[in-house]
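Order-wise, the sequence lines are chains A and B. First residue of the first sequence? That's 18 in our numbering, and the numbers climb one at a time after it. First residue of the second sequence? That's 18 in our numbering, and the numbers climb one at a time after it. The structure under discussion appears below in the form of structure tokens.
2 protein chains.
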Amino acid sequence: MPSFTQLVPDGDNRLREVCDSCGFIAYSNPKVVVGSVLVEGGRVLLCRRAIEPRRGFWTLPAGFLEHGETLEEGAAREAAEEAGARIEIDGILAMYSISRIGQVQVMFRARFSGSPQFAPGDESLDVRLFGWDEIPWSELAFPSVHWALHAWREVGEGPLSAPATNPPTDRRGVNRILTEVAL
Amino acid sequence: MPSFTQLVPDGDNRLREVCDSCGFIAYSNPKVVVGSVLVEGGRVLLCRRAIEPRRGFWTLPAGFLEHGETLEEGAAREAAEEAGARIEIDGILAMYSISRIGQVQVMFRARFSGSPQFAPGDESLDVRLFGWDEIPWSELAFPSVHWALHAWREVGEGPLSAPATNPPTDRRGVNRILTEVAL
């Protein structure tokens, strides 16, 4: 069995997991989640999760970016896998840091490519389009789903501007208040 | 020594490295690079790299996002480590997919927090402010440095709008042309 020790490698400034036998450094880095707010006639597509965490709750089609994908390709793949939807991407709607769990989330605004067809994939129990007043707010899976839906509400179908970032009044997802870096 | 085999785990749809003895799945995901276009009086800060790759070439202060950091915290840390600079972040200037090497790059526009002080860190040979016409274009380290500098040139000190993304005419950094996902 491999054995790792936490130490600061030469030229580094923080603890890493270093293999006792070969010196391999097992870096642990944040992961990227990509997804989309997929809009059709003023309604937005949500997927009811068939898997943990938050099984049974509603979420945007999103998931981990894979090696070899661009952000746009990853978002399109997730919409296909989770919602059986083929999408066209408008642009970046929001970017969130969920540093508590080592995630960066990039959410695009998207529309259907061609006719609005969709169906639950393996990871979804149900997929539906919701008008703003129909969104199951108390059954949303994650804070960032709330944030992205509100970011979409702000911009609507208008030109995309600077992407939304973590709401400063909602500290869920981050460990600590943003502070200046001490030199 | 651990032994891994490439196979598709249950409920997954692509090959992963799975440990032969314990079933641990070693996911390999893209990494996030965060950095800034740090502007002072119309000039931009560049660092001359003291490390490989591209030692001796000029780059923006940027590096891998660490666990527990927000994007903004990561960009501020990199500016401190590489350029001895304390920064305030304006907002997101650009976001690039370098899928060929499994990177997502998030570049902020930033200014100095307080007086414009800077000095080379361990990973930099030199740090300087350059006016647009002084930028050492033929000695820039990476294509994305070119892209981010041009994104800054576009927006200047004006309001940030939708972030720049990979220039469609420059396919460096991605393996393949963006295509729709086959369903």
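All C-beta atoms in this analysis are idealised placements derived from N, C-alpha and C, irrespective of residue type, glycine included.
7 Å Cβ cut-off: residues of chain A touching residue i
i, result
"I219(B)", "In the structure as shown, chain B starts at 18 and stops at 200, and residue 219(B) therefore has no counterpart that could be examined."
Between the CA atoms of residue j and residue i - distance to the nearest angstrom
i, j, result
"P133(B)", "R60(B)", "11 Å"
"F135(B)", "F135(A)", "53 Å"
"I194(A)", "E90(B)", "With a pLDDT of only 43 at I194(A), under 50, the local geometry of the prediction cannot be trusted, and the value read off the model is given with reservation. Those two C-alpha atoms are separated by around 10 Å."
"D10(A)", "V121(A)", "This structure cannot speak to residue 10(A), because chain A is shown only from 18 to 200."
"P184(A)", "S20(B)", "44 Å"
"E83(B)", "G119(B)", "16 Å"
"T87(B)", "S116(A)", "5 Å"
"L63(A)", "P78(A)", "7 Å"
"V233(B)", "V35(A)", "Since the first residue of chain B shown is 18 and the last is 200, residue 233(B) is not available in this structure."
"I152(B)", "V162(A)", "42 Å"
"I42(A)", "S114(A)", "25 Å"
"G40(A)", "G101(B)", "30 Å"
"G175(B)", "W169(B)", "10 Å"
"I68(B)", "E171(B)", "30 Å"
"P70(A)", "F159(A)", "10 Å"
"A97(B)", "V56(B)", "15 Å"
Span of the beta strand (DSSP E), counted from its first residue to its last, around residue i
i, result
"A127(B)", "Q120 to F129"
"L63(A)", "R60 to R66"
"Q23(B)", "F21 to L24"
"E156(B)", "Segment: none, E156(B) is in no beta strand (DSSP E) and carries neither H nor E."
"A111(A)", "I104 to I115"
"E83(B)", "Premise fails: E83(B) is in no beta strand (DSSP E) and is neither H nor E."
"R145(A)", "S141 to F147"
"S53(B)", "K48 to E57"
"C36(B)", "R33 to C36"
Start-to-end residues for the alpha helix (DSSP H) that takes in residue i
i, result
"A93(B)", "L88 to A100"
"L166(A)", "P160 to V172"
Within-8 Å CB hit, residue i to chain B
i, result
"L195(A)", "Per-residue confidence for L195(A) stands at a pLDDT of 44, beneath the threshold of 50, marking its modelled position as unreliable; the derived number appears in the next sentence. Yes, L195(A) counts as interfacial toward chain B."
Chain-ordered chain B contacts of residue i [CB-CB under 7 Å]
i, result
"E86(A)", "S116"
Short CB-CB distance (under 8 Å) between residue i and chain A
i, result
"P47(B)", "yes"
"G119(B)", "yes"
"L142(B)", "no"
"V191(B)", "yes"
Partners in chain A for residue i, counting only beta-carbon separations shorter than 8 Å
i, result
"L82(B)", "N46, P47 and V121"
Supposed contact pair residue j and residue i - C-beta distance, whole angstroms, cut 8 Å
i, j, result
"A111(B)", "A181(B)", "4 Å"
"V123(A)", "I109(A)", "7 Å"
"V54(A)", "A165(A)", "6 Å"
"R75(A)", "L157(A)", "Contrary to the premise, residue 75(A) reads as Trp rather than Arg in this sequence. Contact holds; Cβ gap of about 5 Å."
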